[in-house]
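Per the numbering used here, residue 16 is the first one in the sequence shown, and the count goes up by one each step.
Built from N, CA and C at the ideal position, the CB exists for glycine as well.
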Amino acid sequence: MKVSDDNSFLWRRVSNLREPLFRFRELQRYEPDLWEPLIQNGLLEETPIPESYLDEKNRWMIVRQVRGNLFGVEDSDEPNGFEVLSEDDVRQYCFSPSKFADSLRASNAIVGKGLQESEKFVRLGDKRISSKDTLRVYLSIGSSFLDSLELRLRALARERSRSARVVVFPVYPDLDSATEELLEASNLFITDFDTTSFEINWPLSLGIEPSKPQHALICEGATWRLVFDGEEATVGDSKGIRFLAKLLAKPSEEFSAFALANPDAASESFEVSDLETTDTASLRRYKERLLDIDEDLEEAIAFDREDEIERLEEEKDSILKHLAEVSGAGGRSRLQGEKEKARQSVQRAFKRMLASLPIGRSHIETRLKTGYTCTYTPDSGEVWEVG
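Shown next, in the form of structure tokens:
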């Protein structure tokens, strides 16, 4: 029976021991997805059979092998117990600090290598946080240091440094208020990491509030949050605002008014769906296809290929039927009228939407092109967040 889905047991031991050991039976008490990835990635490495181990009854047992069988004999002056062991009973894994450090570096673009141990913490490397600023990153792991955690943090905080510094912990530590105040005054930060991806939330770790977008259009149910030049406003839902969101998400890309007004009209099938946007060119294309079908039918009939004859006749009937539906007198496309209708409908939707905008109306209107095709062309460097 699994006792927990929390992997803090593992990381707390990593915090306290430099190269902690984990018995396989101990790991099995937890959900496999908490520790199996660590084995697969080499952070937990299997070690040889131990000379002794602590059993479930908290007895230290000496491992003995007799004629291929493993036994655990109680390690005491007067042994009074033994048990037969399987390989899983004595299988154990050692945590690899070097591979752990490499995983943290790879997941967070930290430049460094090895385990550069100082008197206080392990030096991971440097993290570029802007074009001008570099962060010096340390790792707190194991307990080979004689001083307490608070003393080591205070000593590091008092060191002069031109760069901001951060110490990464497997488990976020509880510090006294005096130490926290000193760290804040010394531009020294502490953080933990996602124990699955090993990623560090740098803005949160450095106390940086996420920057707000200069321009955004975000759907929030029945309303939209519009941000223009950092100013926010709420806009009601409408066809026009949904059309605008599509254009902002793909700046400078052309959308046909017909496609905007009929988002479900498109299909991947060539046989009929391409006629959804029928015009003179596409009508000509289908007539050419009909001629090809007739030639293929003659050949199929001559060689008595019944399956091919049936397929070609079905395709021909499908095209003729659809041509009859979309063409008026003289073969003129009825969809020409549908495209004009879509153009007018989309333009009206955009006009109503623009009239409802409390901010950014003039800017958006001058960069929005509508007609049979619609496009939003932003200024250089203008970026919209759309969601």
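Since I believe residue j is in contact with residue i (beta carbons under 8 Å), could you give me their beta-carbon distance rounded to a whole number of angstroms?
i	j	result
L203	R180	5 Å
D103	R40	7 Å
E165	L190	6 Å
I144	W217	7 Å
Answer yes or no: do residue i and residue j have a C-beta to C-beta separation smaller than 9 Å?
i	j	result
F110	F37	yes
L171	F208	no
P178	L150	A small fix is needed here, since residue 178 is Ser in this sequence, not Pro. Result yes, Cβ atoms of S178 and L150 sit closer than 9 Å.
S267	T390	yes
S271	A339	no
I256	G402	no
A231	E380	no
A364	K254	yes
A248	V361	no
D244	G396	no
V183	V152	yes
A258	K354	At residue 258 the sequence reads Phe, which differs from the Ala that was named. Contact: no.
V29	P185	yes
L221	P373	no
L49	L32	no
P52	T211	yes
E405	T388	Residue 405 is absent from the structure shown; the chain starts at 16 and stops at 402.
L42	K114	no
Ends of the beta strand (DSSP E) at residue i?
i	result
T206	L203 to T206
R44	No beta strand (DSSP E) holds R44; DSSP gives it neither H nor E.
T388	T388 to Y391
R382	No beta strand (DSSP E) contains R382, which is instead part of the alpha helix (DSSP H) from R376 to R382.
F37	L36 to R38
E61	L59 to T62
R320	That residue, R320, is in no beta strand (DSSP E); it is neither H nor E in DSSP.
R177	Per DSSP, R177 belongs to no beta strand (DSSP E) and is neither H nor E.
Within 10 angstroms of its Cβ, does residue i collect 16 or more other Cβ (buried), or is it exposed?
i	result
L305	exposed
D307	exposed
S429	As shown, the chain starts at 16 and ends at 402. That puts residue 429 outside it, with no answer to give.
L335	exposed
G236	exposed
V398	exposed
A317	exposed
A116	buried
Q55	exposed
L219	exposed
R15	Residue numbering for the chain in the displayed model covers 16 to 402; residue 15 lies beyond these limits and cannot be assessed.
F285	Since pLDDT at F285 reaches only 35, below the 50 mark, its modelled position is unreliable, and the value read off the structure follows with that caveat. Flag for F285 reads exposed.
Y108	buried
P112	buried
V99	exposed
T423	Nothing about residue 423 can be read from this structure; the chain reaches only from 16 to 402.
G127	buried
R169	buried
P35	buried
A344	Reliability of the predicted coordinates at A344 is poor, the pLDDT of 46 falling under 50, and the value obtained from them is presented with this limitation in mind. With fewer than 16 other Cβ atoms within 10 Å, it is exposed.
P63	exposed
I215	buried
Over the uninterrupted alpha helix (DSSP H) stretch that includes residue i, give me the two end residues.
i	result
E51	P47 to Q55
V398	Where V398 is concerned, there is no enclosing alpha helix (DSSP H), given that its DSSP letter is neither H nor E.
V29	S23 to N31
F258	K254 to A264
L275	A272 to A276
S13	Examination of residue 13 is not possible in this model, given that the chain is present from 16 through 402 alone.
T194	S192 to A200
Using 9 Å as the limit for Cβ to Cβ distance, is residue i near chain B?
i	result
L197	Protein chain content of the structure displayed is limited to a single chain, and chain B is not contained in it.
Where are the beta strand (DSSP E) runs, 3 residues long or more, that stay fully inside the segment 105-174, in chain order? Entirely contained in the segment 105-174, the beta strand (DSSP E) runs reaching 3 residues are, in chain order, 107-110, 137-143 and 149-154.
Ignoring anything shorter than 3 residues or poking outside the segment 208-246, list the beta strand (DSSP E) runs there in chain order. Unbroken beta strand (DSSP E) runs of no fewer than 3 residues, entirely contained in the segment 208-246, are found at 230-235 and 238-243, following chain order.
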